[in-house]
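Residue numbers (the working numbering): 888 to 1246. Quick notes on the structure that follows.
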């Protein structure tokens, strides 16, 4: 398993009620993963020396005017310490944000390089997991949005196509919020399938089930808004009835995952009730799916997650799943927090998606 640990001590994550240092956010997670690494050192490889993404790499997804404008804004951030990026929703920048974002995008690209290289020599290549900040799936081609600066997954997808000659990329986004930036970047691209599950009505208000792409890309976007209260049963059903048949039909060369952990029942920014066990199952099932449809080529990218304890537990259990280890979710999950899932509404949503996409 290839892992890129990137912690930005000076990059700040803005949540609803406070500004949080990314080092604080990652510390509990890194402590857990370091303990795992010491036990599983032969299975976890940390990529430490990789190239920072270039302006041209970013411009494969984002307008150059935005990229250069953000770079110029760093002077203002240096003077004031923290600036709000106008028109972006809740996105702030420090004097290091531009460089941090280039490093984050570069980390994802490096993992794609490593996984693809390994797949040429093995039928069972390692899975990549980019632990990066800032996150990326809200960043639209013309600007930042929702804590996101550059679209890390989108940039990695274009990199896989243009550098490695992979044609078809399948992107799974299970963050509680719709990945509108990734959606917009590829809405007209028939060679990139974007599939997002997210809470219905949540930020940023996009990702309607009727949004299926447009032009040549019509049919290669699938949005599945889930009703509040959806949890483990709902997601297992979605995986088997929506995600698997879509991937099997699309026949991708690579799977990329926007892995958001803010659908956890303890997360403060939404109202789904995923558990650490849900994320273990997702990681295990996605790895199995990648082996079936694209020779095991798969890279995860960290997106949202705002409860430090559930984030740490869930990412660590995702690692266990990817490494073939037993889940420790039962040590963290508390069934007392859970309530009956709205399965009738979930079934209705799944039925609509299956009808629209002929599944």
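Quick reminder that beta carbons are idealized off the backbone N, C-alpha and C, glycines included.
Inset, instruction - List in chain order: all unbroken alpha helix (DSSP H) runs of 4+ residues lying wholly within the stretch 1084-1147. - result: 1119-1125 and 1131-1137
Inset, instruction - Pair every Cβ in the stretch 1168-1182 with every Cβ in the stretch 1123-1137, then say whether three or more of these pairs are closer than 8 Å. - result: yes
Inset, instruction - Can you have a look at residue 1231 and say buried or exposed, based on whether 16 or more other CB atoms are within 10 angstroms of its CB? - result: In the chain shown, the residue the question calls residue 1231 occupies position 344. Exposed.
Inset, instruction - Find out if the Cβ-Cβ distance for the pair residue 1006, residue 1184 is shorter than 7 Å. - result: Within the chain shown, the letter at position 119 stands for residue 1006. Within the chain shown, the letter at position 297 stands for residue 1184. In this structure, residue 1184 lies closer than 7 Å to residue 1006 by Cβ.
Inset, instruction - In the DSSP assignment, find the alpha helix (DSSP H) that holds residue 1078 and state where it starts and stops. - result: Taking the chain shown and counting its residues from 1, one reaches residue 1078 at position 191. Note, residue 1078: premise wrong, no alpha helix (DSSP H); not H, not E.
Legend entry - Opening and closing residue of the alpha helix (DSSP H) in which residue 1237 lies: Your numbering for residue 1237 matches position 350 in the chain shown. First-last of the alpha helix (DSSP H) with residue 1237: 1230-1243.
Inset, instruction - From the DSSP output, in three-state form, read off residue 1027 for me. - result: Here the question's residue 1027 lines up with position 140 in the chain shown. Here residue 1027 sits in strand by DSSP.
Legend entry - Simplified DSSP state of residue 1019, which is helix, strand or coil: Against the chain shown, residue 1019 aligns to sequence position 132. Reduced to three states, the DSSP call for residue 1019 is coil.
Inset, instruction - Tell me whether residue 1011 is buried or exposed, calling it buried when 16 or more other Cβ atoms sit within 10 Å of its Cβ. - result: Within the chain shown, residue 1011 is the residue found at index 124, counting from 1. It is exposed - the Cβ of residue 1011 has fewer than 16 other Cβ atoms within 10 Å.
Inset, instruction - Would you decide whether residue 1097 is buried or exposed? Buried here means 16 or more other CB atoms lie within 10 Å of its CB. - result: Residue numbering aside, residue 1097 sits at position 210 when the chain shown is read from its first letter. By the 10 Å Cβ count, residue 1097 comes out exposed.
Legend entry - Same chain, Cβ closer than 7 Å to residue 1069, five either side skipped, listed in chain order: For the purposes of this step, residue 1069 is taken as residue 182 along the chain shown, with counting starting at 1. Cβ neighbours of residue 1069 beyond the five flanking positions: 1024, 1038, 1040, 1041, 1058, 1060, 1081 and 1145.
Legend entry - Strand pairing of residue 1151, partner residues [DSSP]: Numbered from 1 along the chain shown, position 264 holds the residue referred to as residue 1151. Residue 1151 pairs with 1161.
Legend entry - Simplified DSSP state of residue 1167, which is helix, strand or coil: Taking the first residue of the chain shown as position 1, residue 1167 is located at position 280. Correct three-state label for residue 1167: helix.
Inset, instruction - Return helix, strand or coil for residue 955, following the three-state DSSP convention. - result: Taking the first residue of the chain shown as 1, we reach residue 955 at position 68. The answer is helix: DSSP assigns residue 955 an H, G or I state.
Inset, instruction - Give the DSSP bridge partners of residue 1189, in chain order. - result: Working through the chain shown from its first residue, we reach residue 1189 at position 302. Looking at the DSSP assignment, residue 1189 forms a beta bridge with 1146.
Legend entry - Pick from 1177, 1176 and 1152 that is closest to residue 1165, judged by C-alpha positions: By 1-based counting over the chain shown, the position of residue 1165 is 278. Here the closest residue by C-alpha is 1152.
Legend entry - CB contact flag (residue 1219, residue 1200, <7 Å): In the chain shown, residue 1219 corresponds to position 332, counting from 1. In the chain shown, residue 1200 corresponds to position 313, counting from 1. Against a cut-off of 7 Å, the Cβ pair of residue 1200 and residue 1219 comes out as a contact.
Inset, instruction - Could you check how far apart the C-beta atoms of residue 1191 and residue 1022 are, in whole angstroms? I think they sit under 8 Å. - result: Numbered from 1 along the chain shown, position 304 holds the residue referred to as residue 1191. Numbered from 1 along the chain shown, position 135 holds the residue referred to as residue 1022. Going by Cβ atoms, the distance from residue 1191 to residue 1022 rounds to 6 Å, so yes, they are a contact pair.
Legend entry - residue 1057, DSSP secondary structure in three states: What you label residue 1057 is simply residue 170 of the chain shown in a count that begins at 1. Strand.
Legend entry - Backbone CA spacing between residue 951 and residue 1135 [nearest angstrom]: Here residue 951 refers to the residue found at position 64 of the chain shown. Here residue 1135 refers to the residue found at position 248 of the chain shown. About 36 Å.
Legend entry - Close beta carbons around residue 1245, own chain, < 6 Å, minus the five adjacent residues each side: The residue labelled residue 1245 in the question sits at position 358 within the chain shown. If we look at residue 1245 and ignore the five residues flanking it on each side, it has no Cβ neighbours.
Inset, instruction - Specify the secondary structure class of residue 1072 as computed by DSSP and reduced to three states. - result: For the purposes of this step, residue 1072 is identified with residue 185 of the chain shown, where counting begins at 1. DSSP places residue 1072 in helix when its eight states are reduced to three.
Inset, instruction - Flag this pair as touching only if the stretch 1207-1226 and the stretch 1087-1105 have three or more C-beta atom pairs under 8 Å; answer yes or no. - result: no
Inset, instruction - Could you tell me if the beta carbon of residue 1207 falls within a distance shorter than 6 Å of some heavy atom in the ligand SAH? - result: By its list of ligands, the structure shown contains no ligand whatsoever, and the ligand SAH lies outside what it can speak to.
Inset, instruction - Tell me whether residue 943 is buried or exposed, calling it buried when 16 or more other Cβ atoms sit within 10 Å of its Cβ. - result: Against the chain shown, residue 943 aligns to sequence position 56. Residue 943 comes out exposed.
Inset, instruction - Run the CB neighbour count on residue 1217, radius 10 Å, all protein chains shown included, and call it buried at 16 or more, exposed below. - result: Residue mapping note: residue 1217 aligns to position 330 of the chain shown, counting from 1. With fewer than 16 other Cβ atoms within 10 Å, it is exposed.
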